[in-house]
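Chemist:
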Amino acid sequence: MTITITERDETHMSQEARALGLTVWDVYQEGHLVGIYHSRAEAAAYKAEIERAGRSK
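Residue numbers for the sequence shown follow the UniProt record's numbering, so the first one is 1 and each next one is one higher.
(1) So, do the segment 27 to 37 and the segment 10 to 17 have three or more beta carbon pairs nearer to each other than 8 Å?
(2) Return the first residue and the last residue of the alpha helix (DSSP H) that E49 is part of.
(3) Grab the span of the alpha helix (DSSP H) containing E7 for me, first residue to last.
(4) Let me know the secondary structure DSSP gives L22 once reduced to three states.
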């Protein structure tokens with residue numbers, strides 16, 4: 001299972017988010033967007049949660 005975290009490119013953010021200077025982090029599992037977070041730490045926590053759930057199956 002491949003899980004990646006990427007910082008969202010400003011061209012893929014709303015004008016409001018850009019105006020506020022927000023940073024958005026996307027979490028992808030097997031190439032599918034599964035989570036959107038406003039901090040890298042929250043995105044990493046979600047990634048760890050997915051990995052734990054995958055191991056417990």
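Virtual Cβ for every residue (Gly too), placed ideally from N, Cα, C.
Modeler: Straight from the coordinates:
(1) No, they do not touch.
(2) From DSSP, the alpha helix (DSSP H) with E49 extends over 40 to 55.
(3) Segment 3 to 7 is the beta strand (DSSP E) holding E7; no alpha helix (DSSP H) there.
(4) The answer is coil: DSSP assigns L22 none of H, G, I, E or B.
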